[in-house]
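Asks: Would you mind keeping the following structure in view while I ask a few things?
Residue numbers (the working numbering): 140 to 487.
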C-alpha cells in the first residue's frame, strides 16, 4: 500500500516478506548487517504495534522500524526520518552539484562559512582521522575522484596524478574556526562517504525521537541507529552476516547504540590481475587490496561509522586494538581470512 510519503518511501507495516527485506538490502550491495527485528516478520510473530517502512536515501535502501501503538504517529515519525535523511543528503553529498559540500569544495576561498551539521560531521571526521593514523580521512576527495575514474575505465591512475592528489589529502590540512571551515589550500576536497550514512542514521533517529517515537530503529544500508528497546525485548536484534563461509553469523542486542559495518567482499574490481576494493586507502591513493570486514558497536555517534571505515584497512588485530583503545565506549568485530573476533578498548 503506497503512502503519501516522499517518492520511493513505503509503509510496509506487517505485510512485507523476509525475502523482500533481503532483496532491498542486497540492492545496496551492503548485506553485511541485517537489522532483523527491523521487520517483525523476520524473527518474531507479527504484532499490531510493530511498523516497518522502507525507502531510499543517500543512494541506498533505508529500513525504519517503530514500536508504537499509534500507527499514524509511527508513520509521521518515519516520514520525519526520511525527510531528515533527504536534507542531510542535500547537504553532504559530493554527487549533487547544489549540495553544501560541493559548494564548499569548489570555493576558492580558504575560509568558508559552513552549517552547524557540516561542521559537526567534519569535527568527528578530523578526530577519527587522527585516531586511525589516516586510515579514515574526510579530505580524501581528490583520491576518490581519481579512483572513481579508474573503476569506470579499468585503468589505474597515473602515479604522478596520485602523488599530486595525495598532496591535497590530510586531516592537518583542514580545521574549524567558529562557523568557518578553514582549508590549507583551496583545492582540498572533503568526502564524507565513510561517515555520512552513519551520521544520517543517527540524525534520522533523533528526528523520530522529536516526534515522540523513541522505540525505533533506522538502518541506512550497513549503518544502524537503534533507539530504546521495543516492548518485551531487551533490545533490537542485529545479525552480523559473515563474509566467509568459514565464519558464523553473530547476533547482538542494540539499545541506544549505533552499529556500522565496513569492508567486506562487495564491490571489488580487477585491474591488471589485482583485486581492488571500493574503499580507497588514503595512504596509497588506490583502492585497498586487503580489506577486513569490520562491525563497530558504540554510542549513537557518527564516529562509529568512521571508525569502522578506518579499521577495515588495518592489517593486524594489534592495529585494531591500538585504535580501539582511543574509543573506550566502542567494540569491534573483525573478520579476516574467515576468522572473526571481537576487540574492545582493552585489546583482543
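We put the beta carbon where it would ideally sit given N, CA and C, even for glycine.
Please list the segments of the alpha helix (DSSP H) lying wholly inside the segment 304 to 362, counting only runs of 4 or more residues, in order along the chain.
Replies: Counting only runs of 4 or more, we get 335 to 349.
Asks: Let me know if residue 334 comes out buried or exposed under the rule of 16 or more other beta-carbons within 10 Å of its beta-carbon.
Replies: Counting Cβ neighbours within 10 Å, residue 334 comes out buried, since at least 16 surround it.
Asks: Output needed for residue 222: all residues of its chain with C-beta closer than 6 Å, excluding positions within five of it in sequence on either side, in chain order.
Replies: If we look at residue 222 and ignore the five residues flanking it on each side, it has no Cβ neighbours.
Asks: Report all residues from its chain with a CB closer than 7 Å to the CB of residue 304; omit the five preceding and five following residues, and keep chain order.
Replies: If we look at residue 304 and ignore the five residues flanking it on each side, its Cβ neighbours are 281, 282, 285 and 424.
Asks: Here's the rule I'm using: 16 or more other beta-carbon atoms within 10 Å means buried, otherwise exposed. How should residue 114 be labelled?
Replies: Residue 114 lies beyond the range of the chain shown here (140 to 487); nothing can be said about it.
Asks: Residue 169 to residue 313, Cα distance in whole Å?
Replies: With a pLDDT of only 36 at residue 169, under the threshold of 50, the placement of this residue in the model should not be trusted; the figure read from the coordinates follows. Whole-angstrom Cα-Cα distance: 30 Å.
Asks: Going by beta-carbon coordinates alone, are residue 354 and residue 207 separated by less than 8 Å?
Replies: It is a contact, given that the beta carbons lie within the stated cut-off.
Asks: So who's on the other strand from residue 199, going by DSSP bridges?
Replies: Answer is 196.
Asks: Run the CB neighbour count on residue 462, radius 10 Å, all protein chains shown included, and call it buried at 16 or more, exposed below.
Replies: Result: buried.
Asks: Go ahead and pull the three-state DSSP assignment for residue 456.
Replies: Three-state DSSP puts residue 456 in a helix.
Asks: Does the ligand FAD have even one heavy atom less than 7 Å from the beta-carbon of residue 338?
Replies: Inclusion of the ligand FAD in the displayed structure is not the case, the ligand content being empty and no account of it being possible.
Asks: Under the rule that 16 or more other beta-carbon atoms within 10 Å means buried, what is residue 160, buried or exposed?
Replies: Model confidence at residue 160 stands at a pLDDT of 30, short of 50, so the residue's coordinates are unreliable; what they give is reported in the following sentence. By the neighbour-count rule (16 or more Cβ atoms within 10 Å), residue 160 is buried.
Asks: Give a yes or no on whether the C-beta atoms belonging to residue 430 and residue 396 are separated by under 8 Å.
Replies: Against a cut-off of 8 Å, the Cβ pair of residue 396 and residue 430 comes out as no contact.
Asks: If residue 266 and residue 442 are in contact, beta carbons under 8 Å, what's the gap, nearest whole angstrom?
Replies: That pair is a contact at about 7 Å.
Asks: Quick one: any contact between the segment 266 to 277 and the segment 449 to 462, if contact means 3 or more CB pairs under 8 Å?
Replies: Verdict: yes, contact present.
Asks: How big is the Cα-Cα spacing for residue 218 and residue 187?
Replies: If you take the alpha carbons of residue 218 and residue 187, they lie about 19 Å apart.
Asks: Mark residue 189 as exposed unless 16 or more other C-beta atoms lie within 10 angstroms of its C-beta, in which case mark it buried.
Replies: Classification of residue 189: buried, given that the 10 Å Cβ count is 16 or more.
Asks: Alpha carbon to alpha carbon, what distance is there between residue 191 and residue 184?
Replies: The pLDDT assigned to residue 184 is 33, lower than 50, so where the model puts this residue is not dependable; a value taken from the coordinates is nonetheless given after this. Taking the straight line from one Cα to the other gives about 14 Å.
Asks: What does DSSP give as the partner residue(s) for residue 435 in the beta ladder?
Replies: Paired residues: 399 and 471.
Asks: Please name the residue or residues paired with residue 272 in a DSSP beta bridge.
Replies: In DSSP, residue 272 forms no bridge with anything.
Asks: Beta-carbon within less than 7 Å of residue 483's beta-carbon, same chain only, minus the 5 sequence neighbours each way: which residues are those?
Replies: Correct list, in chain order: 463 and 470.
Asks: For the candidate residues 438, 310 and 409, whose alpha-carbon lies nearest to that of residue 81?
Replies: There is no way to answer for residue 81, as the model of the chain reaches only from 140 to 487.
Asks: For the alpha helix (DSSP H) containing residue 224, list its first residue and its last residue.
Replies: Note, residue 224: alpha helix (DSSP H), 210 to 231.
Asks: Looking only at its own chain, which residues have a Cβ that is under 6 Å from the Cβ of residue 401, when we skip the five neighbours before and after it?
Replies: So the list reads 433, 447, 448 and 451, once near-sequence residues are dropped.
Asks: Between residue 316 and residue 243, what straight-line distance do the alpha-carbon atoms span, to the nearest angstrom?
Replies: Cα to Cα, residue 316 sits roughly 15 Å from residue 243.
Asks: Taking the alpha-carbon positions, what's the residue 390 to residue 474 distance?
Replies: Residue 390 and residue 474: Cα-Cα distance of roughly 15 Å.
Asks: What are the residues that DSSP puts in a beta bridge with residue 190?
Replies: 205.
Asks: Pull the bridge partners of residue 391 from the DSSP assignment, please.
Replies: DSSP output for residue 391 lists 377 as bridge partner(s).
Asks: Looking only at its chain, what residues have a beta carbon closer than 6 Å to the beta carbon of residue 408, apart from the 5 residues adjacent to it on each side?
Replies: The residues are 290 and 415.
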